[in-house]
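The structure appears right after this line, and notes come after that.
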Amino acid sequence: MTHSDQDRYAALIRRYFDACNEADYDKLVSCFTPDAVHYFPAGLPDVPWRSANTIARKWQWCVAELGSQWTIEKILVSHDSAEAVIEWTHWKTKLGTALRGDEWYVFDRDTCRIKEIRAYYASPADKGVAINELVAFDYHERGYHLKAQTTQPANAKTEEQS
28 MTHSDQDRYA
38 ALIRRYFDAC
48 NEADYDKLVS
58 CFTPDAVHYF
68 PAGLPDVPWR
78 SANTIARKWQ
88 WCVAELGSQW
98 TIEKILVSHD
108 SAEAVIEWTH
118 WKTKLGTALR
128 GDEWYVFDRD
138 TCRIKEIRAY
148 YASPADKGVA
158 INELVAFDYH
168 ERGYHLKAQT
178 TQPANAKTEE
188 QS
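The working numbering numbers the first residue of the sequence shown as 28 and each following residue consecutively.
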């Protein structure tokens with residue numbers, strides 16, 4: 028794999044997160060192969076999410092209903108395979124909560140699109156705390172985002188509008 032491939036995969040992940048935050052259906056779909064799969068830990072309904080369309084619609088719903096915004100904390104792209112791992116924070120601004128976790132990405136080399144994401148949470152989704160994160164990990168000292176950077180798009184289409 029070349030350094031330019033690594034740069035392309037990192038840029039694709041950033042574009043995907045921008046699309047999530049913007050709730051931009053077309054931009055979201057363009058990040059994935061049509062048959063992409065997004066896996067999650069147990070506890071969420073209707074998982075895994077299968078297809079670029081489903082993934083885009085589910086994230087649009089999260090933005091509309093939960094006030095979801097995401098920040099990327101770290102990105103590591105493999106030097107010898109079409110894979111990457113990131114660390115993220117999912118801010119649910121309407122609920123006043125957040126969840127931290129990691130995702131493993133698998134890319135289609137021919138199209139430079141995401142074909143698989145496997146999400147891992149930093150902790151179980153504990154409804155009794157405002158921010159689900161690692162206990163005693165100094166997020167501030169390590170430069171992590173400590174609040175949502177809300178950029179709710181005025182033109183975001185929800186599932187019902189599309």
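Backbone N, C-alpha and C define an ideal beta-carbon position, used for all residues, glycine too.
Outcome for residue i when other beta-carbon atoms lying within 10 angstroms are tallied against a minimum of 16
i    : result
G191 : In the structure as shown, the chain begins at 28 and stops at 189. Residue 191 is therefore absent and cannot be evaluated.
S108 : exposed
A83  : buried
K119 : buried
T98  : buried
Y147 : exposed
E130 : buried
For residue i, three-class secondary structure by DSSP
i    : result
Y171 : coil
R136 : coil
V156 : coil
D107 : coil
V74  : coil
P68  : coil
Own chain residues within Cβ distance below 6 Å of residue i, not counting five before or after
i   : result
C89 : S95
C47 : W86 and W97
Residues of its chain near residue i, where Cβ-Cβ distance is below 7 Å and the 5 sequence neighbours each way are ignored
i    : result
S189 : Residue confidence for S189 is low, a pLDDT of 43 falling below 50, so the modelled location carries little weight; the figure read from the coordinates is stated next. So the qualifying residues of the chain are Y52.
L93  : K119, K121 and L122
D32  : none
- Cβ contact check for the stretch 48 to 65 and the stretch 73 to 85: 3 or more pairs under 8 Å: yes
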